[in-house]
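If you read the protein sequences in the order shown, they are chains A and B.
Residue numbering for the first sequence follows full-length UniProt numbering, starting at 1 and increasing by one per position.
Residue numbering for the second sequence follows full-length UniProt numbering, starting at 1 and increasing by one per position.
The beta-carbon is built from N, C-alpha and C at its ideal position, and this holds for glycine as well.
2 protein chains.
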Amino acid sequence: MNDVQKTGSDSAERPGAKTSARRADLRARLVAAGRAAVAEGGLQNLKARDLAAAAGCAVGAIYNVFDDLDDLILRIGADTLARLEQGLAAPPGPAPEPAEELLRLACGYFSFARADKALWRALFEHRLAGGRPAPAWYLEDQSRLFALVEAPLARLLPDEPASSRALLARTLFSAVHGVVSLGLEEKLAPMPEAILEAELERLVRAFAAGLTLLPPG
Amino acid sequence: MNDVQKTGSDSAERPGAKTSARRADLRARLVAAGRAAVAEGGLQNLKARDLAAAAGCAVGAIYNVFDDLDDLILRIGADTLARLEQGLAAPPGPAPEPAEELLRLACGYFSFARADKALWRALFEHRLAGGRPAPAWYLEDQSRLFALVEAPLARLLPDEPASSRALLARTLFSAVHGVVSLGLEEKLAPMPEAILEAELERLVRAFAAGLTLLPPG
DNA sequence: GAGAAAAATGAACGACGTTCAAAAAACCGG
DNA sequence: CCGGTTTTTTGAACGTCGTTCATTTTTCTC
Numbered sequence: 001m002n003d004v005q006k007t008g009s010d011s012a013e014r015p016g017a018k019t020s021a022r023r024a025d026l027r028a029r030l031v032a033a034g035r036a037a038v039a040e041g042g043l044q045n046l047k048a049r050d051l052a053a054a055a056g057c058a059v060g061a062i063y064n065v066f067d068d069l070d071d072l073i074l075r076i077g078a079d080t081l082a083r084l085e086q087g088l089a090a091p092p093g094p095a096p097e098p099a100e101e102l103l104r105l106a107c108g109y110f111s112f113a114r115a116d117k118a119l120w121r122a123l124f125e126h127r128l129a130g131g132r133p134a135p136a137w138y139l140e141d142q143s144r145l146f147a148l149v150e151a152p153l154a155r156l157l158p159d160e161p162a163s164s165r166a167l168l169a170r171t172l173f174s175a176v177h178g179v180v181s182l183g184l185e186e187k188l189a190p191m192p193e194a195i196l197e198a199e200l201e202r203l204v205r206a207f208a209a210g211l212t213l214l215p216p217g
Numbered sequence: 001m002n003d004v005q006k007t008g009s010d011s012a013e014r015p016g017a018k019t020s021a022r023r024a025d026l027r028a029r030l031v032a033a034g035r036a037a038v039a040e041g042g043l044q045n046l047k048a049r050d051l052a053a054a055a056g057c058a059v060g061a062i063y064n065v066f067d068d069l070d071d072l073i074l075r076i077g078a079d080t081l082a083r084l085e086q087g088l089a090a091p092p093g094p095a096p097e098p099a100e101e102l103l104r105l106a107c108g109y110f111s112f113a114r115a116d117k118a119l120w121r122a123l124f125e126h127r128l129a130g131g132r133p134a135p136a137w138y139l140e141d142q143s144r145l146f147a148l149v150e151a152p153l154a155r156l157l158p159d160e161p162a163s164s165r166a167l168l169a170r171t172l173f174s175a176v177h178g179v180v181s182l183g184l185e186e187k188l189a190p191m192p193e194a195i196l197e198a199e200l201e202r203l204v205r206a207f208a209a210g211l212t213l214l215p216p217g
C-alpha cells in the first residue's frame, strides 16, 4: 500500500517531496527502533508506544507508514536476512572444496544466530495474523539464502539435475537450521556452543559424504 | 452454578478429596479446551476468557489450578509430546535395518506434524515469559523423543561411544525437525508434501550412509 | 497569503492476561 | 445436624496492548 521510493535530491520543485522524505525517514527510524527493541527483548518487546517514543513520533504515525506492526516486523526481518546474507558471503580467493564450503556456510549461520539471537529468532518465531502468506518481496529475500547453498552443491554433485539441487539446497539449509534452532532453544536442555558446532560439522560432513554415494535424484 | 453430587460415602473419610477431585477435573477440562483452541487457531487463539467459557468456570479459576497461561501451554505441550511419542512407537516384529528405522521415525515425525500442525507448531513457537528455563518435567518428556532415535543409531554405529551417540541422536532429530519445520512454514515458499517427504528420505539416507564413513567421534 | 487538501496527532476503544476483595463452599468441634 | 472458621471460587476491575479516527497541524495550489 505504501511504497515510497522517492528519495530525490531536490525538495522545492517536486510536489510532495518533503512529505515523502519525512515518511521515508520515519520508516527508517521506526525499523531501527524496532530492530533495537527486538534485539533487546525479542518480538514480545516490540510495543507500538515504545516504538513511537524511540522514533520521536505519535503512535498513530506508525500506521501512516506501515500497514500494522506485522508489516514493520517483516521489514525488520528483511533487514536481518540482508545482514545474514552479507555475513555468509564467500571470502575472496579460489573456491574451496564443496564440503568445506558447505561447512563454512553452516558455521557462519550458527555464528550469526548466536550473535544476533533475538533478531534471528524473530525471523521464524513471527507469524502473520490470520495465516496470511508472506509478501513476494520477502520470499525473494529468503531465496537468496538458499542460492548460497546451491553453488557448492553444484560442484559437489555435478550430475544432479538443477531442479533437484535447488530442493537439496533448501533441505540442507533446513537441516542446519534445525540443529542451530533446537541447539539454541531455551525450552530444551542447553547445549554448549562448542559441542553444537562439532555436531554441525558432523551433520554437514556426513550428509555431504553420503550424498555422493546416493543415486542422483 | 455447578451441581456437585454428594456421594456421601467418601466425603467423610478423605478431607479435601472433593476439592482436589474438582481441581483435577478442572485442570483436565482446561487443558482439553486449550488444546482444542490451539488446534483450531494456533497459540494466538488461546484466550483466558474463551477457556473459562469452554471449561465452564470463572476466568479467575484458571489461576487456581495453573500458575498462568504459560503453565497451561506447557501442559498442552506435554500432552502433544506424549501423543507424538506414542505415534512414533516401533511396530511389533523384528527390528529393521537401522537406516530404515531412522527413516520410519523421520516420516512418522513429518506425518504427525502435518496432521496436528497447529499443536505441533505450538511446541516450538511458544516462549516462556522472561526467558525462564522450562521445568524439569517438561525436559524429561522431550528426552524420551531423542531416546527413540538413539536405539537405531546404536545399531548403526556400534563403535560410537554412548555419549557421542546421544549427541548424534539430538542432532539427527534436529535436522529432521528443521526440514519438517521449514517445509511446513507458511512464511517460506510452499513445498508439496510428497516432495518434502522425498527430501526427508534423502537427508536421512545420506546422513546415515555418510555417518558410517566418518571416524567415530 | 488564503483556502483546500493531505498528513500527523494522541485520546479513546476494545481485547487481552492477570489480580483480589468479596461471596460461596467446605470443613470441623460441639 | 449446627455455627464459626478456613478454604476455594468468583467476576468486576486494573494495567497494557494494537489499532482507530475526529481533530489539529502542516503542506500544497492558486
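task = Evaluate ILE73(A) with the Cβ neighbour count: other Cβ atoms within 10 Å of its Cβ, from every protein chain shown; 16 or more gives buried, anything less gives exposed.
result = buried
query = With 8 Å set as the bound, which would you pick, yes or no: does the beta-carbon of ARG205(B) sit closer than that to a beta-carbon of chain A?
reply = Judged by the 8 Å Cβ criterion, ARG205(B) is in contact with chain A.
task = For SER111(A), go through chain B and note every residue whose CB falls closer than 7 Å to its CB, in chain order.
result = Here the premise fails: no neighbours, minimum Cβ distance about 17 Å.
inquiry  = Let me confirm a value: ALA37(B) is counted as buried when at least 16 other C-beta atoms fall within 10 Å, else exposed. Which label applies?
reply    = It is buried - the Cβ of ALA37(B) has at least 16 other Cβ atoms within 10 Å.
Three-way DSSP call (helix, strand, coil) for LYS117(B) in this model = In the displayed model, LYS117(B) falls within a helix according to three-state DSSP.
key: Cβ shell of LEU172(B) (< 6 Å), same chain only, five flanking positions each side left out   = VAL149
request  = Could you please give the first and the last residue of the uninterrupted alpha helix (DSSP H) stretch that includes PHE146(B)?
outcome  = Looking at the DSSP string, the run of the alpha helix (DSSP H) that includes PHE146(B) is 136 to 156.
message = For ARG104(B) and ARG170(B), what's the separation of their Cα atoms in angstroms?
response = 16 Å
key: PRO98(A), DSSP secondary structure in three states   = When secondary structure is reduced to three states using DSSP, PRO98(A) falls in the helix class.
Boundaries (first-last residue) of the alpha helix (DSSP H) holding THR212(A) = No alpha helix (DSSP H) contains THR212(A), which DSSP labels as neither H nor E.
task = Note down, in chain order, all residues in the stretch 31 to 54 of chain B with a beta-carbon under 8 Å from any beta-carbon belonging to chain A.
result = GLY42 and GLN44
task = Please state if the CB of GLY178(A) and the CB of VAL179(B) are separated by a distance shorter than 8 Å.
result = yes
query = For LEU26(B), which residues of its own chain have a beta-carbon under 7 Å away from its beta-carbon, when the five flanking residues on both sides are left out?
reply = ALA55, CYS57, ALA61 and VAL65
task = Output yes if chain B places a C-beta closer than 8 Å to the C-beta of GLU197(A); else output no.
result = no
task = Determine contact between the stretch 125 to 142 of chain A and the stretch 151 to 166 of chain B, defined as no fewer than three beta-carbon pairs at a distance below 8 Å.
result = Judged by Cβ distances under 8 Å, the stretch 125 to 142 of chain A makes no contact with the stretch 151 to 166 of chain B, as fewer than three pairs qualify.
query = Taking only runs of the alpha helix (DSSP H) that begin and end inside the stretch 14 to 54 of chain A, which ones reach a length of at least 4 residues, in chain order?
reply = 17 to 41
query = When the Cα atoms are used, what is the spatial distance from LEU43(A) to ALA118(A)?
reply = LEU43(A) and ALA118(A) have their C-alpha atoms some 8 Å from each other.
ask   = If you measure beta-carbon to beta-carbon, which residues of the stretch 168 to 190 of chain B are closer than 9 Å to chain A?
value = If the cut-off is 9 Å between Cβ atoms, the stretch 168 to 190 of chain B has LEU168, ARG170, THR171, LEU172, PHE173, SER174, ALA175, VAL176, HIS177, GLY178, VAL179, VAL180, SER181, LEU182, GLY183, GLU185, GLU186, LYS187, LEU188, ALA189 and PRO190 near chain A.
task = Drop a sphere of 10 angstroms on the beta-carbon of PRO190(B), count the other beta-carbons inside from all chains shown, and report buried for 16 or more, exposed for fewer.
result = With fewer than 16 Cβ atoms within 10 Å of its Cβ, PRO190(B) is classed as exposed.
task = Measure the C-alpha to C-alpha separation of ALA21(A) and ALA53(A) and round it to an integer number of angstroms.
result = 20 Å
inquiry  = Distance check for ALA39(B) and ARG127(B), CA to CA, integer angstroms please.
reply    = 18 Å
task = Could you tell me if GLN86(A) is buried or exposed, where buried requires 16 or more neighbouring beta carbons within 10 angstroms of its beta carbon?
result = exposed
query = Is DSSP giving LEU182(B) helix, strand or coil here?
reply = It is helical.
request  = Please confirm if ASP3(B) has its CB atom under 8 Å from at least one CB of chain A.
outcome  = At ASP3(B), the pLDDT of 32 sits below 50, so the modelled position is not reliable; the number obtained from the coordinates is stated separately. No, because no Cβ of chain A sits closer than 8 Å to the Cβ of ASP3(B).
request  = Starting from GLN86(B), find everything on chain A with Cβ-Cβ shorter than 9 Å and list it in chain order.
outcome  = Going along chain A, no residue has its Cβ under 9 Å from GLN86(B), so there is no contact; the nearest lies around 20 Å.
Proximal residues to ARG83(A) (C-beta, below 6 Å), its chain only, five neighbours per side dropped = So the list is empty, once near-sequence residues are dropped.
Chain A contact residues for GLU125(B), given Cβ-Cβ distances below 8 Å = GLU125 and ARG127
message = I'd like to know whether the C-beta atoms of LEU51(A) and GLY77(A) end up nearer to each other than 8 Å.
response = no
task = Drop a sphere of 10 angstroms on the beta-carbon of ALA129(A), count the other beta-carbons inside from all chains shown, and report buried for 16 or more, exposed for fewer.
result = For ALA129(A), the number of other beta carbons within 10 angstroms of its own is below 16, and it is reported as exposed.
inquiry  = As a quick exercise: from ALA175(A), LYS187(A), LEU184(A) and LEU188(A), pick the residue whose alpha carbon is nearest that of ARG183(B).
reply    = Here residue 183(B) is Gly; the residue named in the question, Arg, does not match the sequence. Closest option to GLY183(B), Cα to Cα, is ALA175(A).
inquiry  = One question on the structure: do PRO152(A) and PRO98(A) come within less than 8 Å of each other, judged by their Cβ atoms?
reply    = yes
key: Unbroken alpha helix (DSSP H) run spanning LEU128(B), endpoints   = First-last for LEU128(B): undefined, no H or E at that position.
inquiry  = Please list, in chain order, the chain A residues whose beta carbon lies closer than 7 Å to that of GLY131(B).
reply    = GLU186
query = For chain B, is any of its Cβ atoms less than 8 Å away from the one on ARG27(A)?
reply = Output row for ARG27(A): interface = no.
Beta carbon proximity, SER209(A) to chain B, threshold 8 Å = The question names Ser, but residue 209(A) is Ala in the sequence shown. Yes, because at least one Cβ of chain B sits closer than 8 Å to the Cβ of ALA209(A).
key: Contact belief for GLN142(A) with LEU188(B) at Cβ below 8 Å, rounded distance in angstroms   = Sure, about 6 Å apart at Cβ, within 8 Å.
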